[in-house]
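Throughout the sequence shown, residue numbering follows this note's numbering, covering 8 to 123 in sequence.
Ideal Cβ positions, reconstructed from N, Cα and C, are used throughout, including at glycine.
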Amino acid sequence: MSEETLFTKIINGDIPADIVYEDEHCFAIKDIAPKAPTHLLVIPKKPIPKLVDASAEDKVLLGHMMLMVGEIAKKAGVDEAFRVIINNGEGVGQTVFHLHLHILGNKKFSEDSLGF
Ligand code: 5GP
Numbered sequence: 008m009s010e011e012t013l014f015t016k017i018i019n020g021d022i023p024a025d026i027v028y029e030d031e032h033c034f035a036i037k038d039i040a041p042k043a044p045t046h047l048l049v050i051p052k053k054p055i056p057k058l059v060d061a062s063a064e065d066k067v068l069l070g071h072m073m074l075m076v077g078e079i080a081k082k083a084g085v086d087e088a089f090r091v092i093i094n095n096g097e098g099v100g101q102t103v104f105h106l107h108l109h110i111l112g113n114k115k116f117s118e119d120s121l122g123f
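Next up, the structure:
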């Protein structure tokens with residue numbers, strides 16, 4: 008059996024985290040080292056390592072997660088303005104190889120570029 012990812016350990020309760028949302032398919036936690044005043048991670052329970060590893064069978068799961076991003080952003084009070092980021096690969100800074108979407112809010116981002 009392959010080793011459990013950090014996020015699988017969190018959802019199994021083996022590592023503590025501030026879980027702000029959970030359903031059958033995904034969950035959301037507060038990032039331990041926030042890059043914005045609101046920094047949440049939306050994570051599928053299925054441990055897909057990277058976005059490129061998702062396949063057609065994950066279509067419903069990925070759609071569900073995008074919908075939940077909106078719900079979680081509303082619940083966090085940042086739905087007027089927030090940014091969603093997925094890091095795919097070490098080269099752009101992915102450090103946890105279990106797919107996750109970053110929700111970043113309550114931070115002033117550049118309005119005309121992807122700059123941080
Ligand atoms: P990545 O760089 O892979 O896109 O994002 C991984 C994120 O997970 C980082 O923002 C990092 O701060 C966060 N992270 C790493 N370890 C933990 C942890 O043990 N608990 C929580 N809540 N977040 C973590």
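For residue i, the three-state DSSP class (helix, strand or coil)
{"i": "residue 10", "result": "coil"}
{"i": "residue 68", "result": "helix"}
{"i": "residue 18", "result": "helix"}
For residue j and residue i, the rounded distance between their alpha carbons
{"i": "residue 74", "j": "residue 65", "result": "14 Å"}
{"i": "residue 67", "j": "residue 51", "result": "11 Å"}
{"i": "residue 103", "j": "residue 84", "result": "26 Å"}
{"i": "residue 109", "j": "residue 63", "result": "22 Å"}
{"i": "residue 14", "j": "residue 82", "result": "21 Å"}
{"i": "residue 29", "j": "residue 55", "result": "17 Å"}
**Stretch pair the region 39-56 + the region 77-90: three plus CB contacts closer than 8 Å** = Below 8 Å, enough C-beta pairs join the region 39-56 and the region 77-90 to call them touching: three or more.
**Prompt:** In chain order, which beta strand (DSSP E) runs of at least 3 residues are fully inside the region 24-50?
**Reply:** Restricting attention to beta strand (DSSP E) runs no shorter than 3 residues, the region 24-50 encloses them at 26-29, 33-37, ordered along the chain.
**Asked** Do the region 52-61 and the region 93-106 meet, that is, are 3 or more Cβ pairs less than 8 Å apart?
**Response** Cβ pair count under 8 Å is three or more, so yes.
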